[in-house]
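The opening position of the sequence shown corresponds to residue 50 in our numbering, with each subsequent residue numbered one higher.
Built from N, CA and C at the ideal position, the CB exists for glycine as well.
Inspection log for the structure reproduced underneath, given as structure tokens.
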Amino acid sequence: MQTIGVIGAGTMGNGIAHVCARAGFDVILCEVSQPALERGLAAIAGNLGREVAKSKLTSQEAADAQARILPASSLEALAPCEFVIEAATEKFDVKAQIFRTLDSFLAPGAVLASNTSSISITKLAAATRRPMQVIGMHFFNPVPVMKLVEIIRGLQTSQATFDAVKALSEQLGKIPVEVNDAAGFVSNRVLMPLINEACYAVMEGVATPEAIDTIFREGMAHPMGPLTLADFIGLDVCVDIMRVLAEGLGGAKYNPCPLLVRMVDAGWLGRKSGRGFYTY
Ligand code: CAA
């Protein structure tokens, strides 16, 4: 396999394209919005530049990696890809439509991986005529730095598909961990209730965001406290994932904290909007 398709040039998509190109693969980076595509390519250049500054790459290796990324604005451009990683908007209908379209023209052996953080792989696989070749490949932000790839097997995913994705993750320098398809997989099933509970502690006046984050940084050696992390992930994403957990697993403990919902309603989405638990 030489060419990997990546769909979406946002934070996750551009990070995934970065690590694939850095590992020597040709990448076709597909993004429908031209400004978003340009922002994604600029982010990759900036992040490769950081790695050059830290002597993790030579400037020639960074230039070669950037040159291996071919930008594209339509899904049809992904026709030569034997492997596609989708990192589009976190909405089932959007992802299912992308998978159906790719399924109609990609080579029969091509694998479709989704970087979804919570949508059912089993349901996405069922939208295609190649359910055995559909799998979850969940990367973590910032993708060039975080080692984990959570590999999610749908009910229909074949062993050959799983083995190929595990091998690819290792080629990308990542640490793959296998999980089965269930709401929130493992990462968000455990992380999001922690963040949600921290929001309740703020709402109930138990402690300030700064105090809560300091407790986790200095007491539990987390690199960021849960509320800084929530701002980093995006408060809207946190609410969406809590709703997926509530729907998929049931029980009041998964309801998003009312304060978190109000902040999203106010447009306070965290770092990306300039305001969340902190101002940026
Ligand atoms: N590309 C390349 N390199 C990058 C980078 C990027 N986008 N961002 C940071 N780096 C590098 C820096 O150059 C630096 O390199 P050195 O170690 O060689 O100096 C290193 O990463 C650390 O960066 P900084 O010194 O700027 O800052 P930091 O020490 O605060 O680290 C961080 C930044 C890695 C983000 C760290 O704060 C951290 O680990 N935070 C927690 C991240 C986390 O939990 N991510 C998961 C979010 S959940 C998710 O993604 C999935 C979901 O489903 C919601």
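Cβ neighbour criterion (16 or more within 10 Å) applied to residue i
| i | result |
| --- | --- |
| Leu-86 | buried |
| Phe-148 | buried |
| Met-252 | exposed |
| Ile-290 | buried |
| Glu-219 | exposed |
| Pro-180 | buried |
| Lys-105 | exposed |
| Asn-96 | buried |
| Ser-169 | buried |
Close Cβ partners of residue i (< 8 angstroms) along its chain, the five nearest in sequence each way excluded
| i | result |
| --- | --- |
| Phe-234 | Ser-166, Ser-167, Gly-185, His-187, Glu-199, Ile-201 and Val-228 |
| Gly-323 | Tyr-329 |
| Phe-8 | Any question about residue 8 goes unanswered here, given that the chain covers just 50 to 329. |
| Val-76 | Thr-52, Ile-53, Gly-54, Val-55, Ala-66, Cys-69, Ala-70, Arg-117, Ile-118 and Leu-119 |
| Pro-307 | Met-252 |
| Arg-311 | none |
Distance between beta carbons of residue j and residue i, contact taken as under 8 angstroms
| i | j | result |
| --- | --- | --- |
| Ile-65 | Asn-164 | 7 angstroms |
| Val-160 | Phe-132 | 5 angstroms |
| Gly-319 | Ile-282 | 7 angstroms |
| Leu-309 | Cys-248 | 5 angstroms |
| Glu-139 | Val-313 | About 14 angstroms; that fails the 8 angstroms criterion. |
| Glu-135 | Ala-162 | 7 angstroms |
| Ala-114 | Leu-221 | Contact doesn't hold; Cβ gap of about 12 angstroms is too wide. |
Proximal residues to residue i (C-beta, below 6 angstroms), its chain only, five neighbours per side dropped
| i | result |
| --- | --- |
| Ala-121 | Ile-77 and Cys-79 |
| Ala-92 | Asn-63 |
| Leu-243 | Pro-275 |
| Lys-223 | Lys-196 and Val-198 |
| Val-101 | Ser-108 and Ala-111 |
Nonlocal neighbours in the same chain, by C-beta distance under 7 angstroms from residue i, ignoring five residues either side
| i | result |
| --- | --- |
| Leu-278 | Ile-244 |
Chain D within 8 angstroms of residue i, Cβ atoms only
| i | result |
| --- | --- |
| Gly-283 | No chain D appears in the structure shown, which is made up of a single protein chain. |
Every unbroken alpha helix (DSSP H) within the segment 176-262, with a cutoff of 4 residues, ordered by chain: 208-220 and 236-252
Near the ligand CAA, which residues have their beta-carbon less than 5 angstroms from any of its heavy atoms, given in chain order? Asn-96, Arg-99, Lys-103, Ser-166, Phe-189, Asn-190, Pro-191, Pro-193, Val-194, Pro-272, Met-273 and Ile-282
Starting from the N-terminal side, write out each stretch of the alpha helix (DSSP H) that is 4 residues or longer and does not extend beyond the segment 60-103. 60-71 and 83-102
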